[in-house]
Amino acid sequence: MSFSPTALVVSRSRRKRICLASKKFPPISNFPVKKTEKERRKIEISLMAAATLSRDQYVYMAKLAEQAERYEEMVEFMEQLVTGATPAGELTVEERNLLSVAYKNVIGSLRAAWRIVSSIEQKEEGRKNEEHVSLVKDYRSKVETELSSICSGILRLLDSHLIPSATASESKVFYLKMKGDYHRYLAEFKSGDERKTAAEDTMIAYKAAQDVAVADLAPTHPIRLGLALNFSVFYYEILNSSEKACSMAKQAFEEAIAELDTLGEESYKDSTLIMQLLRDNLTLWTSDMQEQMDEA
């Protein structure tokens with residue numbers, strides 16, 4: 117399975133007809149009516165886990181949930197796989213990518229929702245509609261609570277299982293980068309000391325990933341390139357350090373270009389796609405910096 121960089125928007129899988137072998141579980145209708153639909157689904161997944169699914173079955177169920185675009189359930193299946201693995205061991209590339217895709221889709225929709233709600237909040241403040249502003253603030257707070265919950269969930273999983281069990285350099289960089297990503301997502305909406313802490317944790321994780329990547333992964337490796345992409349975005353968007361962001365993106369792009377002829381066919385598409393994103397960001401950021409200089 118080819119690497120799917122977490123920095124990228126995950127494309128929807130091609131629709132395939134999948135039939136799940138008949139397996140009897142208590143029907144969801146048996147649960148108390150007071151339970152919300154989300155709570156019911158979590159209970160049902162817990163019951164399925166209690167039925168002792170095999171590792172392959174968890175992978176299959178995660179793929180099935182992905183096809184159905186039920187990403188919260190995909191997250192649940194992959195969490196069960198990680199925490200229930202005996203003995204605890206390193207995930208396969210396929211399992212690792214499924215975990216990444218699951219969380220990326222869940223967090224992606226929440227981040228998009230937060231940006232939309234925040235934009236509406238600014239417009240209502242401009243209109244001085246206090247009633248609407250109050251309602252929107254409450255709704256934004258609800259979205260932020262969900263964002264915090266998702267980020268906390270994957271960060272716990274990374275610290276307790278995934279990073280400690282990683283032995284291959286590729287896995288170490290992947291998980292440390294992922295840790296940096298989800299701290300960065302927290303920094304996007306947190307404020308004050310919480311934002312400062314999230315930014316510091318992001319920096320620590322990205323730097324740790326960078327140390328391993330530079331030592332052990334080729335400049336053209338898609339995980340190393342994805343790290344450079346996200347690390348540079350962190351400098352630009354969170355730390356407001358345009359020059360450092362451009363310098364990092366430029367260095368990663370040029371180092372990869374210099375070794376492009378050594379790139380294997382298997383990772384060529386992923387690597388060149390991230391290189392294009394690095395170049396696009398460089399073009400955009402350089403243009404923005406020039407405009408700011410002209411206005412000064």
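Residue 371 in the working numbering sits at position 255 of the sequence shown; the count goes up by one each step and never skips.
C-beta atoms are modelled at their ideal positions from N, C-alpha and C, and glycine is treated no differently.
Note that the structure is a prediction, hence the values are computed from the model and not measured.
Sub-7 Å separation of residue i and residue j beta-carbons
{"i": "K360", "j": "L398", "result": "no"}
{"i": "V222", "j": "Y176", "result": "no"}
{"i": "K295", "j": "A321", "result": "yes"}
{"i": "D297", "j": "N245", "result": "no"}
{"i": "E240", "j": "V233", "result": "no"}
{"i": "A229", "j": "V191", "result": "no"}
{"i": "M364", "j": "S348", "result": "yes"}
{"i": "H277", "j": "V209", "result": "no"}
{"i": "A266", "j": "G342", "result": "As written in the sequence, residue 266 is Ile, which differs from the Ala given in the question. Not closer than 7 Å, so no."}
{"i": "E353", "j": "S281", "result": "no"}
{"i": "D317", "j": "H299", "result": "yes"}
{"i": "L169", "j": "M194", "result": "no"}
{"i": "K293", "j": "A325", "result": "yes"}
Proximity winner among the options, relative to residue i (alpha-carbon distances)
{"i": "M405", "options": "D377, L379, C362 and A372", "result": "C362"}
{"i": "E185", "options": "E206, D386 and S225", "result": "S225"}
{"i": "R227", "options": "E211, L393, S264 and Q408", "result": "S264"}
{"i": "S257", "options": "R272, E237, S357 and L273", "result": "E237"}
{"i": "R395", "options": "E211, I373 and E182", "result": "I373"}
{"i": "S403", "options": "S358, G380 and K385", "result": "S358"}
{"i": "Y291", "options": "E381, A181, L169 and N213", "result": "N213"}
{"i": "Q392", "options": "Q196, A368 and L251", "result": "A368"}
{"i": "G380", "options": "A334, E262, S235 and A344", "result": "A334"}
Residue i in three-state terms, based on DSSP
{"i": "K366", "result": "helix"}
{"i": "P335", "result": "coil"}
{"i": "E185", "result": "coil"}
{"i": "G380", "result": "coil"}
{"i": "S170", "result": "coil"}
{"i": "Q397", "result": "The amino acid at residue 397 is misidentified as Gln; the sequence shows Asn. In this structure, N397 counts as helix in the three-state DSSP scheme."}
{"i": "A282", "result": "coil"}
{"i": "L355", "result": "coil"}
{"i": "I134", "result": "Summary for I134: the model assigns pLDDT 39, below 50, so the residue's position carries little reliability; its value from the coordinates is reported in the next sentence. Three-state result, I134: coil."}
{"i": "E192", "result": "helix"}
{"i": "S307", "result": "coil"}
{"i": "G200", "result": "helix"}
Given 8 Å, three or more beta-carbon pairs between the region 279 to 291 and the region 322 to 336: yes
Determine contact between the region 332 to 344 and the region 305 to 317, defined as no fewer than three beta-carbon pairs at a distance below 8 Å. no
At 4 residues or longer, and completely inside the region 223 to 277: list those alpha helix (DSSP H) runs for me, N to C. 246 to 273
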